[in-house]
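Chemist: Residue numbers (this note's numbering): 354 to 420.
Every residue, glycine too, gets a C-beta built ideally from N, C-alpha and C.
Keep in mind that this is a model prediction, so the values were computed, not measured.
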């Protein structure tokens, strides 16, 4: 039996807040897009982070768990 791939995302401030260089923002976008696309379950600490994951990375709401 295969176990689900779980990703925990603490925040996604870099997509909407200033203060990140373009290269850092690009690398973080690349990293999170790959992680979130391949995850079976996405754990987030708040509804705001869940909304950002749906808005910016098109994560289906049924994959998101608020812990």
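1) On the three-state DSSP scale, how would you describe residue 364?
2) If distances are taken between C-alpha atoms only, which option among 362, 356, 413 and 386 comes closest to residue 398?
3) According to DSSP, what are the bridge partners of residue 420?
4) Using a C-beta cutoff of 8 Å, does residue 355 count as contacting chain C?
5) Using 10 angstroms around the beta-carbon of residue 412, count the other beta-carbons present and answer buried if the total reaches 16, otherwise exposed.
6) Can you tell me which residues form a DSSP beta bridge with residue 412?
7) What span of residues does the alpha helix (DSSP H) with residue 386 cover, start to end?
Modeler: To lay it out plainly:
1) DSSP places residue 364 in coil when its eight states are reduced to three.
2) 362
3) According to DSSP, residue 420 bridges with nothing at all.
4) In the structure shown, chain C does not exist; there is a single protein chain.
5) buried
6) DSSP, once it has assigned bridges, lists no residue as partnering residue 412.
7) 375–391
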